[in-house]
Amino acid sequence: MSQRRALIVGGSLSGLFTANLLRAIGWHVEVFERARGDLTGRGAGLGAQTHLFTALRRIGIPIDRSMWTEVHSHVCLDRDGRLICEVPVREVTTAWDRVYRALRQAFSNEHYHQGMTLERCEQDDHRVVARFANGERIEGDLLIGADGMRSTLRRQFMPEIAPRYAGYAAWRGVVEESRVPSRWLTTTLRDMVFCLPDGELAFSIPMAAKGDVGESRRCMFVWFRPADYASTLRLWCTDATGHCHGDSIPPPLIRSELIAELGMVARTLLPPQLSGLVACVREPILSAVFDLEVPRMTFGRVVLVGDAAFVARPHVGTGVTKAAQDAHELADALAASKNLAEALGRYEILRRPSGAKLVARGRRLGAHLEPSHSDCDMHRAAARPRIEWLLREYGPGSIARWPSDT
Numbered sequence: 068m069s070q071r072r073a074l075i076v077g078g079s080l081s082g083l084f085t086a087n088l089l090r091a092i093g094w095h096v097e098v099f100e101r102a103r104g105d106l107t108g109r110g111a112g113l114g115a116q117t118h119l120f121t122a123l124r125r126i127g128i129p130i131d132r133s134m135w136t137e138v139h140s141h142v143c144l145d146r147d148g149r150l151i152c153e154v155p156v157r158e159v160t161t162a163w164d165r166v167y168r169a170l171r172q173a174f175s176n177e178h179y180h181q182g183m184t185l186e187r188c189e190q191d192d193h194r195v196v197a198r199f200a201n202g203e204r205i206e207g208d209l210l211i212g213a214d215g216m217r218s219t220l221r222r223q224f225m226p227e228i229a230p231r232y233a234g235y236a237a238w239r240g241v242v243e244e245s246r247v248p249s250r251w252l253t254t255t256l257r258d259m260v261f262c263l264p265d266g267e268l269a270f271s272i273p274m275a276a277k278g279d280v281g282e283s284r285r286c287m288f289v290w291f292r293p294a295d296y297a298s299t300l301r302l303w304c305t306d307a308t309g310h311c312h313g314d315s316i317p318p319p320l321i322r323s324e325l326i327a328e329l330g331m332v333a334r335t336l337l338p339p340q341l342s343g344l345v346a347c348v349r350e351p352i353l354s355a356v357f358d359l360e361v362p363r364m365t366f367g368r369v370v371l372v373g374d375a376a377f378v379a380r381p382h383v384g385t386g387v388t389k390a391a392q393d394a395h396e397l398a399d400a401l402a403a404s405k406n407l408a409e410a411l412g413r414y415e416i417l418r419r420p421s422g423a424k425l426v427a428r429g430r431r432l433g434a435h436l437e438p439s440h441s442d443c444d445m446h447r448a449a450a451r452p453r454i455e456w457l458l459r460e461y462g463p464g465s466i467a468r469w470p471s472d473t
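With this note's numbering as the guide, the letters of the sequence shown map in order to residues 68 to 473.
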């Protein structure tokens, strides 16, 4: 029997998890990424769970101590930096660049194609064909949509399904250990530090070092702020030339006056432990918050994985773990059955409820940040969750034991 051939559209984390795990069960895999160049600079800190490290080990990637860091408490501070509430936790974080680099090095350059923009696919009972903007036409047994929230494949099969804007956006930035004031260093590199200004949420979180053991650690701040889609968000996404980039903007193009204003507002609303981190970052990252869920994940010889199918708000901290689980379950289903329809059916039965549950959890955690359409202070106060509940529920959840190289 000839080797089965999988085509993966999307060469970021979801696509690379899927590519490496399918190759491990004997499939021939080709990955097609729209962007050109190194993607390592994208992303920042990641919440992590056991499933993420299980998938990495299955691929053959060693989990050394530099790839992850511990989180011991969720603490909430008032505007002056005084402790309001503390909840002990046992959590792990990693970093987008560390996971991407490891996955990319594990997959052959020969079968990773950049600058490939999918236009559409065609299929019959025996094959699927991916058609790209450069005119190339690639055939395979299976086509996997790992092309994220704006998935071309999802739009082809379900044009009515689109990401839903939550009404707020996240400002993020990464700060090296050497730039964190020494009096805050222990807490910043050990705990998640929260603050809850009216209608907003900010926190810092430790994250893994950029490279191997011996390099300095890092932390990331995230600041969720309300932003009307048609006015505030578009203003934030407008560069110095007056060009609006839609609902996102490359960090180098964010206007300097907007960054200065962000720092000034941070000093007014946030405790010094967090406003100091905001001041350290010259090129913050702006990300509008969306969520997405689909009623189905498979279409004949086409299947969706990762954010192409389900996007949970970042409050759950498990987006990349979900992508790893999708890839893991898809590989297991394909390995267990030579019947493609049967294998994809099993995959969907397992993963669709999990994705829907994660989206629902993200909405619960972010509900207090959505516009209330009311100027009533009492209404806004009622919408805000209890601080202890929020600290307990936020993030990826407890890990049974620290990752190790076993």
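No residue lacks a Cβ here, since even glycine has one placed at the ideal position from N, Cα and C. Every value quoted in this text rests on a predicted model; they were computed, and no experiment measured them.
Checklist line | Sufficient close CB pairs (3 or more, under 8 Å) joining the region 179 to 197 to the region 97 to 104 | finding: yes
Item checked: Cβ-based burial, A73 [other Cβ within 10 Å; buried from 16] -> Reading the sequence shown from its first residue, position 6 is the one you call residue 73. So A73 ends up on the buried side.
Check: What is the DSSP secondary structure of L74, counted as helix, strand or coil?
Finding: Within the sequence shown, residue 74 is the residue found at index 7, counting from 1. Here L74 sits in strand by DSSP.
Next item on the list: Assuming L341 and A269 form a contact by the criterion Cβ under 8 Å, report the distance between their Cβ atoms to the nearest whole angstrom.
Entry: The residue you call residue 341 lines up with position 274 of the sequence shown. The residue you call residue 269 lines up with position 202 of the sequence shown. That belief holds up - the Cβ atoms of L341 and A269 are roughly 5 Å apart, short of 8 Å.
Check: For A390 versus V372, is the C-beta spacing smaller than 8 Å?
Finding: Indexing the sequence shown from 1 puts residue 390 at position 323. Indexing the sequence shown from 1 puts residue 372 at position 305. Closer than 8 Å, so yes.
Margin query: So, for P319: in the same chain, excluding its five sequence neighbours on each side, which residues have a beta-carbon less than 7 Å away from its beta-carbon?
Written below: By 1-based counting over the sequence shown, the position of residue 319 is 252. Contacts found: E350.
Notebook entry, point to check: For the region 374 to 383 against the region 411 to 426, are there 3 or more C-beta pairs whose distance is under 8 Å?
Noted result: Flag = yes, the region 374 to 383 and the region 411 to 426 touch.
Checklist line | Secondary structure of W238, DSSP reduced to three states | finding: Within the sequence shown, residue 238 is the residue found at index 171, counting from 1. Strand, per DSSP.
Notebook entry, point to check: Does the distance from the CB of G412 to the CB of T365 come in under 8 Å?
Noted result: As a working mapping, residue 412 is identified with position 345 in the sequence shown. As a working mapping, residue 365 is identified with position 298 in the sequence shown. Yes; because the gap between Cβ atoms is below 8 Å, this pair is in contact.
Next item on the list: Take Y296 as the anchor and find which of P452, L325, H312 and R222 has the nearest alpha-carbon.
Entry: By 1-based counting over the sequence shown, the position of residue 296 is 229. Answer by Cα proximity: H312.
Checklist line | At least three beta-carbon pairs within less than 8 Å, the region 113 to 122 to the region 204 to 222 | finding: no
Margin query: Considering Cα atoms alone, identify which of G93, R146 and E360 is closest to M225.
Written below: As a first step, residue 225 is located in the sequence shown; it is residue number 158 there, counting from the start. The residue with the shortest Cα to Cα distance from M225 is E360.
Checklist line | E409 versus G212 - alpha carbon distance | finding: Locating residue 409 in the sequence shown gives position 342, counting from the first residue. Locating residue 212 in the sequence shown gives position 145, counting from the first residue. Taking the straight line from one Cα to the other gives about 18 Å.
Check: Can you tell me whether D444 is buried or exposed, with buried defined as 16 or more other CB within 10 angstroms of its CB?
Finding: Counting from 1 along the sequence shown, the entry for residue 444 is found at position 377. Note that D444 scores 49 on pLDDT, short of 50, meaning its location in the model is unreliable; the coordinates nonetheless yield the value given after this. When all chains shown are included, D444 counts as exposed.
Check: Counting pairs of Cβ atoms below 8 Å between the region 123 to 142 and the region 326 to 339, do you hit three or more?
Finding: Short answer: they don't touch.
Next item on the list: State yes or no: is the C-beta of V289 within less than 8 Å of the C-beta of H178?
Entry: For the purposes of this step, residue 289 is taken as residue 222 along the sequence shown, with counting starting at 1. For the purposes of this step, residue 178 is taken as residue 111 along the sequence shown, with counting starting at 1. Not a contact, by the Cβ cut-off of 8 Å.
Check: Can you round the beta-carbon distance between V387 and V196 to whole angstroms, since I take them to be within the 8 Å contact cut?
Finding: For this step, residue 387 is matched to residue 320 along the sequence shown. For this step, residue 196 is matched to residue 129 along the sequence shown. The pair is not a contact, with the Cβ atoms about 30 Å apart (cut-off 8 Å).
Margin query: Suppose contacts are defined by Cβ-Cβ distances below 8 Å. Is V138 in contact with L458 by that definition?
Written below: Here residue 138 is taken as the residue at index 71 of the sequence shown, counted from 1. Here residue 458 is taken as the residue at index 391 of the sequence shown, counted from 1. Cβ atoms of V138 and L458: not closer than 8 Å.
Next item on the list: Note down, in chain order, each residue of its chain lying with its Cβ closer than 7 Å to the Cβ of D472, except the 5 sequence neighbours on either side.
Entry: As a working note, residue 472 is residue 405 in the sequence shown. For D472, the pLDDT reaches just 49, beneath the cut-off of 50, and the residue's location in the model is therefore unreliable, although a value from the coordinates is still provided. Taken in chain order, the residues that qualify are P129, I130 and D131.
Item checked: Cβ-based neighbour list, A346, same chain, cut-off 6 Å, excluding 5 preceding and 5 following -> As a first step, residue 346 is located in the sequence shown; it is residue number 279 there, counting from the start. The residues G330, in chain order, have a CB closer than 6 Å to that of A346 in the same chain once the five nearest residues on each side in sequence are set aside.
Notebook entry, point to check: Do the CB positions of L353 and W303 come within less than 8 Å of each other?
Noted result: In the sequence shown, counting from the first residue as 1, residue 353 sits at position 286. In the sequence shown, counting from the first residue as 1, residue 303 sits at position 236. Cβ distance < 8 Å, so L353 and W303 count as in contact.
Item checked: Pick from E415, H395, E460 and D145 that is closest to L80, judged by C-alpha positions -> Position 13 of the sequence shown holds residue 80. Ranking the options by Cα distance to L80, first place goes to H395.
Check: M287 to R431, Cα distance in whole Å?
Finding: The count along the sequence shown starts at 1 and reaches residue 287 at position 220. The count along the sequence shown starts at 1 and reaches residue 431 at position 364. Straight-line Cα distance between these residues: approximately 23 Å.
Next item on the list: Would you kindly report the start and end of the unbroken beta strand (DSSP E) that includes M331?
Entry: For the purposes of this step, residue 331 is taken as residue 264 along the sequence shown, with counting starting at 1. Run containing M331: none in the beta strand (DSSP E); it sits in the alpha helix (DSSP H), S323 to L336.
Next item on the list: Classify A376 as helix, strand or coil using the three-state DSSP reduction.
Entry: For this step, residue 376 is matched to residue 309 along the sequence shown. Residue state, collapsed to three classes: coil.
Check: By Cβ distance below 8 Å, which residues in the same chain neighbour S465 in space, the five residues on each side in sequence not counted?
Finding: Locating residue 465 in the sequence shown gives position 398, where the first residue counts as 1. Hits under 8 Å: V156, R157 and E158.
Notebook entry, point to check: By Cβ distance below 8 Å, which residues in the same chain neighbour R250 in space, the five residues on each side in sequence not counted?
Noted result: One-based indexing of the sequence shown puts residue 250 at position 183. The answer is none, since no qualifying residue turns up.
Notebook entry, point to check: Which residue spans inside the region 195 to 274 form an unbroken beta strand (DSSP E) run of at least 3?
Noted result: Within the region 195 to 274, the complete beta strand (DSSP E) runs of at least 3 residues are 195 to 199, 204 to 207, 209 to 212, 231 to 243, 258 to 262 and 268 to 274.
Next item on the list: With a 10 Å radius around its C-beta and 16 neighbouring C-beta atoms as the bar for buried, classify N87 as buried or exposed.
Entry: Along the sequence shown, read from residue 1 onward, the residue named residue 87 stands at position 20. By the 10 Å Cβ count, N87 comes out buried.
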